[in-house]
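> Let me give you the structure first, and then I'll get to my questions.
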Amino acid sequence: MNRLFGNNVVKIEAPQDRSELKFVVLENDTDFDTINVRFYNSDNSPITIDFSHLSIAMLFDPERYSMSLGEFEYVKSIDNGFEVFGDFGIIWVYCDSSSPKL
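The sequence shown begins at 1404 in this note's numbering and counts up one residue at a time.
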């Protein structure tokens, strides 16, 4: 997952059934190859999502002449879940699994 840090987020999904939180992140700058970063519970139980700051907006990157939801800065393990930080804000996801593995 470290290889994705600093890459642009093009989509964030959180289904109503709370089965997962998914970030679609550009894998490289030259092509439109993406990778799904998922947070979920291995037993398929609902996840819990909390945040201290959330600002979802389209950002223009003049170097790449493209739009995104900002950079995927880092993910770290916390008690009972993960902290996700990016230009979109800080999100705490309470679950037991991530893909790719942290």
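Just so you know, even glycine gets a beta-carbon here, dropped at the ideal spot from N, CA and C.
For Met1470, collect the residues of the same chain with a Cβ closer than 8 Å to its Cβ; drop the 5 residues on either side in sequence, then sort them by chain order.
Annotation for Met1470: Met1461, Leu1462, Phe1463 and Asp1464 place their beta carbon closer than 8 Å to its own, counting only its chain and skipping 5 residues before and after.
> How long is the line joining the alpha carbons of Val1478 and Arg1467, rounded to whole angstroms?
The straight-line gap from Cα to Cα measures roughly 24 Å.
> Are Tyr1443 and Ile1452 closer than 8 Å when you measure CB to CB?
no
> For Ser1501, count the other beta carbons within 10 Å of its own beta carbon; 16 or more makes it buried, fewer makes it exposed. Which is it?
buried
> Can you say whether Leu1505 is buried or exposed, counting buried as having 16 or more other CB atoms within 10 angstroms of its CB?
Exposed: under 16 other Cβ atoms inside 10 Å.
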